[in-house]
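> Heads up: the sequence lines are chains G and F, in that order. Mapping the first sequence onto the numbering used here, position 84 (from 1) lands on 117, and the numbers just tick up by one. Mapping the second sequence onto the numbering used here, position 87 (from 1) lands on 251, and the numbers just tick up by one. Using N, Cα and C, we set each Cβ at its ideal position, and we do this for glycine too.
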Amino acid sequence: MSVEAVLNKISKHNDSVLGCLVSSQDKTYHNLPDVYSMVDFQGVTEYAHSMFDVTDSLEGEQLDQIFLEFQSHSIYARRVDESVLVLVNKPIPRTVFKKMQVGVNLFVKPLQRALAAPDADAPAPDEAAAPEAESAPKEGKKKLGLGRMYRGVRY
Amino acid sequence: MIGEQSQSLSDYLTAEETTELAKIQRDPLVVGYAVLTHQGEEIEAGGIWRTMIAPIFANVFDIANKIGAELGEDAPIEILVMESGEYEVAGLSLHRARAVIVKQKGGAAATAGGGLRSVS
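Okay, structure coming up:
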């Protein structure tokens, strides 16, 4: 399954999700409606990386999930290996956010596999390749230093 | 109970917010907190990461507001929550200050600061 296909499934899984994106190395994949065509989502994901990066200064604990509540949107972001997954949502209460966390958990492993597979964005990938990719995410799992390239943000 | 309230808090918190903060400080699951100005200056902090919470979360608030700006939000961030396996950190935008509360997971961890928010 391609990264875009996983993102599409995440978007379809919850009515509150307006769109989602994930940044991997220097590439951003997204599943977003046209209404957001004017939004710089590369910038949004870089900011999300930066938030995680800043809080890495807190000794002994790595914060790996973010929930942001704005007037017209809410944002859920989480680390997925060295990438960051960002969900743009309608305004949602904390209880719905908790359900969303659980729902997104279902898609983390497929997303890890898709991000790890070099041909993840190729059309109609061969299903036979999936078992090989399955063990790949574990190799990079502890590399959560994240985002040194994202230090452009002031902090 | 962690920390002690300083007199300067009353310059930044309403009476209700001060009362709620006192309740939060007595919560055994709350292990750290900070109150900072909207400009990011620390007013008071206590518990875990006490020297780090205000400067780090001042930046976190700023970055969150940049995300809001990208999304076309007119108002600044109201609530932000960050989680690790062990802790939840809730950041709240109040009338004249920001509060950051670190709570151990377990129980109704996500409600940290809920009372404080409700009086803002």
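Could you give the DSSP three-state label for G:Met133: helix, strand or coil?
The answer is helix: DSSP assigns G:Met133 an H, G or I state.
> I need the DSSP call for F:Arg260, collapsed to helix, strand or coil.
Of the three classes helix, strand and coil, the one that applies to F:Arg260 here is coil, per DSSP.
> Shortest alpha-carbon distance to F:His259 belongs to which of F:Glu242, F:Met246, F:Ile212?
Measuring from the Cα of F:His259, the nearest candidate turns out to be F:Glu242.
> Would you grab the beta carbon distance between F:Ile212 and F:Gly196 for me? Rounded to a whole angstrom, and I think it's under 8 angstroms.
Correct: roughly 4 angstroms between the Cβ atoms.
> Who are the near neighbours of F:Gly232 in its chain, counting only those whose CB is closer than 7 angstroms to its CB and skipping five residues on each side?
Pro240, Ile241.
> Short check: CB of F:Leu185 to CB of F:Ile207, under 8 angstroms?
Not in contact: F:Leu185 and F:Ile207 (Cβ atoms no closer than 8 angstroms).
> If you drop the 5 nearest sequence neighbours on each side, which residues of the same chain put their C-beta closer than 7 angstroms to that of F:Ser257?
Excluding positions up to five away in sequence, the list reads Pro240, Ile241, Glu242.
> Check whether the Cβ of G:Ser56 lies closer than 8 angstroms to any Cβ atom in chain F.
Taking Cβ atoms only, chain F never reaches closer than 8 angstroms to G:Ser56, which makes this a no.
> Which whole runs of the beta strand (DSSP E) in the region 186–248 of chain F are 3 residues long or more, in chain order?
Whole beta strand (DSSP E) segments, 3+ residues: 194–200, 206–211, 243–247.
> Report the rounded CA-to-CA distance for G:Pro143 versus F:Thr182, giving the unit in angstroms.
Approximately 46 angstroms, taken between the alpha carbons.
> Given this structure, state the Cα-to-Cα distance separating G:Asp114 from F:Tyr176, to the nearest angstrom.
Spanning the two alpha carbons is a distance of roughly 40 angstroms.
> Residues of the region 104–124 of chain G with a CB closer than 8 angstroms to any CB of chain F: list them in chain order, please.
So the close ones are Gln104, Ser105, His106, Ile108, Val121.
> Can G:Ala147 and G:Ser35 be called in contact, C-beta distance under 8 angstroms?
Against a cut-off of 8 angstroms, the Cβ pair of G:Ser35 and G:Ala147 comes out as a contact.
> Strictly under 8 angstroms for the Cβ-Cβ distance: is G:Asp59 near chain F by that measure?
Chain F contact via Cβ: absent.
> How far does the beta strand (DSSP E) with G:Val68 in it extend, from its first residue to its last?
No beta strand (DSSP E) holds G:Val68; DSSP gives it neither H nor E.
> F:Met246 and G:Leu118: beta carbons closer than 8 angstroms?
Cβ atoms of F:Met246 and G:Leu118: not closer than 8 angstroms.
> May I ask you to report which of helix, strand or coil DSSP gives G:Lys45?
Looking at G:Lys45 - three-state DSSP - the assignment turns out to be helix.
> Report buried or exposed for F:Leu244, applying the criterion of at least 16 other Cβ atoms within 10 angstroms of its Cβ.
Buried.
> Between which residues of its own chain and G:Met133 is the CB-CB distance below 8 angstroms, once the five residues before and five after are set aside?
Around G:Met133: Asn47, Ser49, Val50, Tyr109, Leu120, Asn122, Ile125.
> Work out the CA separation of G:Phe85 and G:Gln58 for me, nearest whole Å.
Each residue's Cα considered, the two are about 15 angstroms apart.
> Check whether the Cβ atoms of F:Ala222 and F:Gly204 lie closer than 8 angstroms to each other.
In this structure, F:Gly204 lies closer than 8 angstroms to F:Ala222 by Cβ.
> Helix or strand or just coil, what does DSSP make of F:Thr183?
Helix.
> Strictly under 8 angstroms for the Cβ-Cβ distance: is F:Phe232 near chain G by that measure?
Inspection of the sequence shows that residue 232 of chain F is occupied by Gly rather than by Phe. Interface residue, yes.
> What are the boundary residues of the beta strand (DSSP E) that G:Ser90 is part of?
That residue, G:Ser90, is in no beta strand (DSSP E); it is neither H nor E in DSSP.
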